[in-house]
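This report refers to the structure that appears directly beneath it.
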Amino acid sequence: MALAAYLDDAPLVNVEAEESLESARSRYFRALGSSGIDYDAWWIRIPIGGIEMGIPNPPAHGRALRAHDLHHVLTGYSTSLVGECEISAWELGGGSGAYVAAIGFDVAGTGLGLLLAPRRTLVAFARGRRGRNLFRRRYGHELLDRSVLSVRRELGIGPDPEPGAADVVRFAFWSSLGVLSLALWPLTWLLISATCLMPPPREHA
């Protein structure tokens, strides 16, 4: 029980539906004891599971991370290990677009979710399949100035659904692939690092 509590121990921030994405993200970082992330820096520190970890941040990863942090605000998933597994599955369900760097991390996170919290990770995957995410959306002040509620509506982010058969089949495939990627983590990390050096994808307004 103590281990389960640790794996899911991270602050949940209830953002106001009418506040801007930028304001909600700032409040989210403050709740984590962080002043924010420099997405253009080559080395950053991010909170995962109650621990601040330093990781390399090549340009492709930084671009994906900008959307990823906003996804936390929009979906309500925490930065605990279980929360990161949930948001990985949610992003994978909604499609990573041309962000190949995000696909690698999301597949691995979904695989870890199968091991730590299979039901919750499946539900998050199904929720992602019923809407869209920001990986295909242009990042900038126009987006950050919009309210949380308006972006949720645009992307179709709703409550947790009851997974259907198609959700289960697709989740079984991706999560199994994720477990395999964890077993081959050194090779997986090299592949993810290579994708992080790829040119930026085209973003839509």
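Residue numbering for the sequence shown follows my numbering, starting at 36 and increasing by one per position. For each residue, glycine too, the CB sits at the ideal point set by N, CA and C.
Inset, instruction - Please list the segments of the alpha helix (DSSP H) lying wholly inside the stretch 138-211, counting only runs of 4 or more residues, in order along the chain. - result: 153-164, 176-179, 183-190
Inset, instruction - Pick helix, strand or coil for Trp-77, following the three-state DSSP scheme. - result: Position 42 of the sequence shown holds residue 77. It is coil, neither helix nor strand.
Legend entry - Inter-residue spacing [alpha-carbon to alpha-carbon] between Leu-178 and Leu-56: As a position in the sequence shown, residue 178 is number 143, starting the count at 1. As a position in the sequence shown, residue 56 is number 21, starting the count at 1. Distance between the alpha carbons of Leu-178 and Leu-56 is about 8 Å.
Inset, instruction - Determine, using beta carbons only, whether Gly-128 and Arg-164 come nearer to each other than 8 Å. - result: Here residue 128 is taken as the residue at index 93 of the sequence shown, counted from 1. Here residue 164 is taken as the residue at index 129 of the sequence shown, counted from 1. Contact flag set, yes.
Inset, instruction - Go to Glu-87, then tell me how far its beta strand (DSSP E) extends in each direction, as first and last residue. - result: Position 52 of the sequence shown, counted from the start, is the residue given in the question as residue 87. Per DSSP, Glu-87 belongs to the beta strand (DSSP E) from 86-91.
Inset, instruction - Return helix, strand or coil for Ser-55, following the three-state DSSP convention. - result: Locating residue 55 in the sequence shown gives position 20, counting from the first residue. Here Ser-55 sits in strand by DSSP.
Inset, instruction - May I have the straight-line CA-CA distance separating Ile-81 from Gly-89, to the nearest angstrom? - result: Locating residue 81 in the sequence shown gives position 46, where the first residue counts as 1. Locating residue 89 in the sequence shown gives position 54, where the first residue counts as 1. Distance between the alpha carbons of Ile-81 and Gly-89 is about 6 Å.
Legend entry - Contact under 8 Å by Cβ, Val-135 with Trp-209: By one-based count along the sequence shown, residue 135 stands at place 100. By one-based count along the sequence shown, residue 209 stands at place 174. Taking 8 Å as the Cβ cut-off, Val-135 and Trp-209 do not qualify as a contacting pair.
Legend entry - Within-8 Å CB hit, Asp-141 to chain D: In the structure shown, chain D does not exist; there is a single protein chain.
Legend entry - Under 8 Å between C-beta atoms of Ser-113 and Thr-145: Position 78 of the sequence shown, counted from the start, is the residue given in the question as residue 113. Position 110 of the sequence shown, counted from the start, is the residue given in the question as residue 145. No.
Inset, instruction - List the endpoints of the continuous alpha helix (DSSP H) containing Leu-100. - result: On the sequence shown, position 65 is the one that residue 100 refers to. Note, Leu-100: alpha helix (DSSP H), 94-110.
Inset, instruction - Pull up the distance between the alpha-carbon of Gly-199 and that of Ala-161, whole angstroms please. - result: Locating residue 199 in the sequence shown gives position 164, where the first residue counts as 1. Locating residue 161 in the sequence shown gives position 126, where the first residue counts as 1. Their backbone Cα atoms lie some 8 Å apart in a straight line.
Inset, instruction - Using 10 angstroms around the beta-carbon of Leu-109, count the other beta-carbons present and answer buried if the total reaches 16, otherwise exposed. - result: On the sequence shown, position 74 is the one that residue 109 refers to. Buried, because 16 or more other Cβ atoms sit within 10 Å of the Cβ of Leu-109.
Inset, instruction - For Asp-75, count neighbouring C-beta atoms within 10 Å of its own C-beta (all shown protein chains included) and say buried if the count is 16 or more, exposed if not. - result: Your numbering for residue 75 matches position 40 in the sequence shown. Asp-75 comes out exposed.
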